[in-house]
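Structure first, commentary second.
There are 2 protein chains.
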Amino acid sequence: MLELTIKKGLRATGRRMTRTRQAVLTLLERTRQPLSATEIFDQLHQEKVSIDLVTVYRTLHVLKELGLVVQLDLHQEGLSRYELKEGRKHHHHIRCQMCGHIVDLLLCPLKNVTKLIERQTQFIVDEHTLEFTGLCPECQ
Amino acid sequence: MLELTIKKGLRATGRRMTRTRQAVLTLLERTRQPLSATEIFDQLHQEKVSIDLVTVYRTLHVLKELGLVVQLDLHQEGLSRYELKEGRKHHHHIRCQMCGHIVDLLLCPLKNVTKLIERQTQFIVDEHTLEFTGLCPECQ
DNA sequence: TTCTTATTGCAAGTCTATTGCAAATATCAC
DNA sequence: GTGATATTTGCAATAGACTTGCAATAAGAA
Ligand SMILES: [Mn+2]
Ligand SMILES: [Mn+2]
Ligand SMILES: [Zn+2]
Ligand SMILES: [Zn+2]
Numbered sequence: 010m011l012e013l014t015i016k017k018g019l020r021a022t023g024r025r026m027t028r029t030r031q032a033v034l035t036l037l038e039r040t041r042q043p044l045s046a047t048e049i050f051d052q053l054h055q056e057k058v059s060i061d062l063v064t065v066y067r068t069l070h071v072l073k074e075l076g077l078v079v080q081l082d083l084h085q086e087g088l089s090r091y092e093l094k095e096g097r098k099h100h101h102h103i104r105c106q107m108c109g110h111i112v113d114l115l116l117c118p119l120k121n122v123t124k125l126i127e128r129q130t131q132f133i134v135d136e137h138t139l140e141f142t143g144l145c146p147e148c149q
Numbered sequence: 010m011l012e013l014t015i016k017k018g019l020r021a022t023g024r025r026m027t028r029t030r031q032a033v034l035t036l037l038e039r040t041r042q043p044l045s046a047t048e049i050f051d052q053l054h055q056e057k058v059s060i061d062l063v064t065v066y067r068t069l070h071v072l073k074e075l076g077l078v079v080q081l082d083l084h085q086e087g088l089s090r091y092e093l094k095e096g097r098k099h100h101h102h103i104r105c106q107m108c109g110h111i112v113d114l115l116l117c118p119l120k121n122v123t124k125l126i127e128r129q130t131q132f133i134v135d136e137h138t139l140e141f142t143g144l145c146p147e148c149q
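In order, the protein sequence lines correspond to chains D and A. Count the first sequence with my numbering and you get residues 10 to 149, in order. Count the second sequence with my numbering and you get residues 10 to 149, in order.
Next comes the structure, spelled out in structure tokens:
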């Protein structure tokens, strides 16, 4: 169960399960879209959960450190989004330029990409960004 | 020739070729690495070229509009970089986590990716990001 | 319940990027 | 070249994402 895994992870690093962390986790759990810090802040406030934006940032940072959450930096959004790992394996995303809607792409081998994606998602693909990070010869 | 192409593009949209635009272009032309606005600003100042950071941003915006420059938003850098198109065709990048060095990847079909890249660049690939943008069914 | 220590909220600050506006300058007509 | 006109620039202010310092608060162990 997710909540147990999380508590265990928090404990193991001398951290505590708090109401605010609970609230952020619950929200991430029931939301399909990857959320930004501000979106989490706004949504929780609408639900009358008192939490500071700073705390949202700090919570996301901890969850990422524990490997429970993935940070997404989608092209030209100028902000980070977060989604729970929870079972889901490595995958990619497509975002609508118009409405901002984000959909998981359940492929990765990266071949026949555009056409496959268009068939699979009904999107019309316009651009894509592919980036790698690693260690260059001098830094290894 | 590049300078001619650029002047034509500027003229066609009622714009002018100025010293500052010239300076930014020249710098981009002789630099292999994709540059950020701040890097361009700093470099030009070192070369005693008087230019405001705002002007650098505005120049890059115009060059992008004219299709002369590509804007790169590399994973977790928190800033944009720019490189001249000038002949080069669509390609991707790899950045060293340690020193920030960026190298062009001259492939794109996106297959056998990691191993090919590691052989080709001598990098050790750690992570990669692949993103698409387009129009979702509702917005087409 | 009490004590210790992690966590939170608030305020202030950082950094990238954008905008308003008056002054400077490129281009064109003369 | 001179002057008219429209673009471009610099400066100051602003926006927005994210971070940091610190005192007050709350979690969890005893
Ligand atoms: Mn996803
Ligand atoms: Mn490149
Ligand atoms: Zn992948
Ligand atoms: Zn490509």
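Where is the CB? At the ideal position from N, CA and C, for every residue including glycine. Note that the coordinates shown come from a computational prediction; the quantities given were computed from them, not determined experimentally.
Item checked: Any heavy atom of ligand 1 within less than 7 Å of residue CB: hits in chain order -> D:P43, D:E92, D:R97, D:H100, D:H102 and D:D113
Checklist line | Residue-level contact to chain A via CB, F50 of chain D, 8 Å cutoff | finding: Translated into positions along the first sequence, residue 50 of chain D becomes position 41. Chain A, which has no Cβ nearer than 8 Å to the Cβ of F50 of chain D, makes this no.
Next item on the list: Examine chain A for any beta-carbon lying closer than 8 Å to the beta-carbon of H43 of chain D, and answer yes or no.
Entry: Taking the first sequence and counting its residues from 1, one reaches residue 43 of chain D at position 34. Residue identity differs from the one stated: residue 43 of chain D is Pro in this sequence, not His. Chain A, which has no Cβ nearer than 8 Å to the Cβ of P43 of chain D, makes this no.
Check: Starting from L34 of chain A and walking both ways along the beta strand (DSSP E), at which residues does that stretch end?
Finding: Along the second sequence, read from residue 1 onward, the residue named residue 34 of chain A stands at position 25. That residue, L34 of chain A, is in no beta strand (DSSP E); its alpha helix (DSSP H) goes R28 to R39.
Next item on the list: Report the residues of the segment 84-99 of chain D with a CB closer than 7 Å to any CB of chain A, ordered along the chain.
Entry: H84 and Q85
Margin query: Taking 8 Å as the threshold (beta carbon to beta carbon), is Q129 of chain D in contact with chain A?
Written below: Here residue 129 of chain D refers to the residue found at position 120 of the first sequence. No, Q129 of chain D lies away from the interface with chain A (no Cβ there is under 8 Å from its Cβ).
Margin query: Please tell me whether D82 of chain D has its Cβ less than 8 Å away from any Cβ of chain A.
Written below: What you label residue 82 of chain D is simply residue 73 of the first sequence in a count that begins at 1. It does; some Cβ of chain A falls within 8 Å.
Margin query: What are the residues in the segment 18-45 of chain D lying within 8 Å of chain A by C-beta distance?
Written below: none
Item checked: Stretch-stretch touch, CB-based, cutoff 8 Å, three pairs: the segment 46-55 of chain A with the segment 73-83 of chain A -> Touching, no, given that fewer than three Cβ pairs across the two stretches are closer than 8 Å.
Notebook entry, point to check: I think L77 of chain D touches G23 of chain D, with their Cβ atoms under 8 Å apart; what is that distance to the nearest whole Å?
Noted result: Taking the first residue of the first sequence as position 1, residue 77 of chain D is located at position 68. Taking the first residue of the first sequence as position 1, residue 23 of chain D is located at position 14. 16 Å between Cβ atoms; not a contact.
Next item on the list: Could you tell me whether any Cβ in chain A is nearer than 8 Å to the Cβ of H174 of chain D?
Entry: Because chain D spans 10 through 149 in this model, residue 174 of chain D falls outside it and cannot be assessed.
Check: For the candidate residues D:D135, D:E95 and D:L88, whose alpha-carbon lies nearest to that of I15 of chain D?
Finding: Against the first sequence, residue 15 of chain D aligns to sequence position 6. Cα-wise, what sits closest to I15 of chain D is D:E95.
Checklist line | Beta-carbon contacts of S89 of chain D that lie in its chain and below 6 Å, excluding the five residues immediately before and after | finding: Locating residue 89 of chain D in the first sequence gives position 80, where the first residue counts as 1. Result list for S89 of chain D: Q80 and D82, in chain order.
Check: Do L144 of chain D and Y91 of chain D have their C-beta atoms closer together than 8 Å?
Finding: On the first sequence, residue 144 of chain D is found 135 positions in, with the first residue counted as 1. On the first sequence, residue 91 of chain D is found 82 positions in, with the first residue counted as 1. It is not a contact, given that the beta carbons lie outside the stated cut-off.
Check: Rounded C-beta distance between Q42 of chain D and I111 of chain D? I'm assuming under 8 Å.
Finding: For this step, residue 42 of chain D is matched to residue 33 along the first sequence. For this step, residue 111 of chain D is matched to residue 102 along the first sequence. With a Cβ gap of about 6 Å, Q42 of chain D and I111 of chain D count as contacting.
Notebook entry, point to check: What's the gap between the Cα of T47 of chain D and the Cα of L62 of chain D?
Noted result: Taking the first residue of the first sequence as 1, we reach residue 47 of chain D at position 38. Taking the first residue of the first sequence as 1, we reach residue 62 of chain D at position 53. About 7 Å.
Next item on the list: Report yes or no: is there a C-beta of chain A within less than 8 Å of the C-beta of D113 of chain D?
Entry: Stepping through the first sequence from its first residue, residue 113 of chain D is reached at position 104. Closer than 8 Å: no.
Next item on the list: Measure the alpha-carbon distance for T40 of chain D versus I49 of chain D and round it to whole angstroms.
Entry: One-based indexing of the first sequence puts residue 40 of chain D at position 31. One-based indexing of the first sequence puts residue 49 of chain D at position 40. If I take the Cα positions, the gap works out to 10 Å.
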